[in-house]
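What the sequence shown shows, in UniProt numbering, is residues 1 to 323, in sequence order.
For each residue, glycine too, the CB sits at the ideal point set by N, CA and C.
Notes follow once the structure below has been shown.
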Amino acid sequence: MATGDEGFAGPWLEFEKELGERPLLHAPIEKCAEGFMRLGAKMASMYTFLLPDLAVKTEDRTTEDGLQVRVYTPEGYPGGKPVGVYYHGGGWAMGDLDGDDASCRSISKGGNVVVVSIAYGLAPQNKHPGLINDCWKGFQWTLKNATSLGGIDGKIFTAGVSAGGQLALGVALKAIDEGMLDALVGVVAIVPATVHPKGVPEELKAKYTSYQEHAKHTIDTDDAMLAFWEAFGPPPTDPYASPLLHTRIKDLKKVYIAVAGHDTLRDDGLLFKQKLDDNKVPTKFDFYEGYPHYHWTWPSSKLDKPREEFLDNLAKGVQFVAS
Numbered sequence: 001m002a003t004g005d006e007g008f009a010g011p012w013l014e015f016e017k018e019l020g021e022r023p024l025l026h027a028p029i030e031k032c033a034e035g036f037m038r039l040g041a042k043m044a045s046m047y048t049f050l051l052p053d054l055a056v057k058t059e060d061r062t063t064e065d066g067l068q069v070r071v072y073t074p075e076g077y078p079g080g081k082p083v084g085v086y087y088h089g090g091g092w093a094m095g096d097l098d099g100d101d102a103s104c105r106s107i108s109k110g111g112n113v114v115v116v117s118i119a120y121g122l123a124p125q126n127k128h129p130g131l132i133n134d135c136w137k138g139f140q141w142t143l144k145n146a147t148s149l150g151g152i153d154g155k156i157f158t159a160g161v162s163a164g165g166q167l168a169l170g171v172a173l174k175a176i177d178e179g180m181l182d183a184l185v186g187v188v189a190i191v192p193a194t195v196h197p198k199g200v201p202e203e204l205k206a207k208y209t210s211y212q213e214h215a216k217h218t219i220d221t222d223d224a225m226l227a228f229w230e231a232f233g234p235p236p237t238d239p240y241a242s243p244l245l246h247t248r249i250k251d252l253k254k255v256y257i258a259v260a261g262h263d264t265l266r267d268d269g270l271l272f273k274q275k276l277d278d279n280k281v282p283t284k285f286d287f288y289e290g291y292p293h294y295h296w297t298w299p300s301s302k303l304d305k306p307r308e309e310f311l312d313n314l315a316k317g318v319q320f321v322a323s
C-alpha cells in the first residue's frame, strides 16, 4: 500500500487502511479482470453490500437487434418525463447490466425517471466501431419506445459512468450529427473518459496531466486505462470515441458532469467542462477533491458520508438534465 496522504481525502485514507491496500487494476486486460474479481471477493468477505432499492422496478427485455436491455421504473412514477438510456462502465472491456444495477437504480429513483440500461458487446471482441454501434442501436430503441416506457414521445437523455460516460457523450453527439437534436434533452456523464490520450490536441497537453499525477492513485491506473483504450480500438481522434474533439459540443442542450480529483480521468472531465463553458452549454458540475475513480461504490462505512453526498448530487444532476 502506498504511504502518505498524497492529497487524498481523509475518509478515503481510512477506507484504504481498513481494506489493507489501495485498490488498483493493472494491464493487460486479463489481469484487470482478475484484479476486479479479486477485489469483489475481498469486498464480499469484509462488507455487507447494500441491497437493491426495490422501490425501483426492473424488467429485462431484448430488442429487435438482439441487445439485452434492462428497464428501470421508479415507484409511483407519474410519467411524462424524458427517458434515460444508460451505458455501463468497465473500460469498454468489462461490466454488464448487473454490475451497474445500483447506478441505474440511483439515477431512476433520484431523478424520478425511467432508465434503460444497454448491454453492449464488450471489447476487444467487439472493437470500435462495433461497440459504439451497439450503443447507438440502444439509443434508437429507447427513442422509439419512449412513450410505451412511460416517457415523453421523442425525448431522451444519455447517461453513463467512466467508459459509459464516454459512450453517453459519444452517442449524444452522434444523435446531433444524425439530425436528432430535438430528441436529445441532455447528458449525464459521471467521471467520463472524453479523449484518447494520443488524441489530445497540442494546445491542451499542458492541461492534460492527470494520467501522470494520478497514475497509481486510482483503480483505473494509467496502464489499465491505456490497455482499455487499446482494447476499445478507436482512432485517437475519432469524434465519437474522443467526444472532446467533436465540433458540435455547442449543440448539447444540458450536461451534468462529475469529476474525481484523484483520477487518471480528472482532466478528461475538466477539459470537457471547459469546452462546455466555452460554448455556453448549460451545465451542472460536481468535483470530488481527494477522491479516486468510482469512490462512492465501495461499501465501507468509512465512505458513508461521501457516498451520500455523491448520490444527492447525482439526483440533482439527473433532475437538472431531465427537467
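Counted within 10 angstroms of its Cβ, other Cβ atoms place residue i as buried (16 or more) or exposed
{"i": "residue 266", "result": "buried"}
{"i": "residue 151", "result": "buried"}
{"i": "residue 17", "result": "exposed"}
{"i": "residue 318", "result": "buried"}
{"i": "residue 105", "result": "buried"}
{"i": "residue 1", "result": "Any reading at residue 1 must be qualified, since the residue scores a pLDDT of 36, below 50, and its modelled position is unreliable; the value itself is stated next. So residue 1 counts as exposed."}
{"i": "residue 48", "result": "exposed"}
{"i": "residue 373", "result": "Residue 373 lies beyond the residue range present for the chain, which begins at 1 and ends at 323; the question has no answer from this structure."}
{"i": "residue 239", "result": "buried"}
{"i": "residue 9", "result": "buried"}
Cα-Cα separation between residue i and residue j, rounded to whole angstroms
{"i": "residue 176", "j": "residue 39", "result": "39 Å"}
{"i": "residue 94", "j": "residue 285", "result": "27 Å"}
{"i": "residue 153", "j": "residue 31", "result": "44 Å"}
{"i": "residue 313", "j": "residue 123", "result": "31 Å"}
{"i": "residue 4", "j": "residue 217", "result": "Only weak support is given to the placement of residue 4: the predicted model assigns it a pLDDT of 47, under 50, and the value that follows is read from those uncertain coordinates. If you take the alpha carbons of residue 4 and residue 217, they lie about 12 Å apart."}
{"i": "residue 14", "j": "residue 174", "result": "42 Å"}
{"i": "residue 141", "j": "residue 6", "result": "45 Å"}
{"i": "residue 62", "j": "residue 233", "result": "27 Å"}
{"i": "residue 156", "j": "residue 26", "result": "36 Å"}
{"i": "residue 52", "j": "residue 102", "result": "7 Å"}
{"i": "residue 76", "j": "residue 316", "result": "19 Å"}
{"i": "residue 192", "j": "residue 182", "result": "24 Å"}
DSSP beta-bridge partners of residue i
{"i": "residue 21", "result": "In DSSP, residue 21 forms no bridge with anything."}
{"i": "residue 257", "result": "189 and 285"}
{"i": "residue 118", "result": "69 and 87"}
{"i": "residue 157", "result": "84 and 186"}
{"i": "residue 151", "result": "81"}
Integer Cβ distance of residue i from residue j, believed to fall under 8 Å
{"i": "residue 295", "j": "residue 306", "result": "6 Å"}
{"i": "residue 162", "j": "residue 195", "result": "With a Cβ gap of about 14 Å, residue 162 and residue 195 do not count as contacting."}
{"i": "residue 165", "j": "residue 132", "result": "Residue 165 to residue 132, Cβ: 14 Å. No contact."}
{"i": "residue 273", "j": "residue 236", "result": "Actually they do not touch by this definition, with Cβ atoms about 21 Å apart."}
{"i": "residue 204", "j": "residue 271", "result": "6 Å"}
{"i": "residue 185", "j": "residue 82", "result": "5 Å"}
Beta strand (DSSP E) segments (min. 3 residues) lying fully within the segment 41–90: 56–62, 68–74 and 81–87
Ignoring anything shorter than 3 residues, give me the beta strand (DSSP E) runs that lie fully in the segment 178–228, in order along the chain. 184–190
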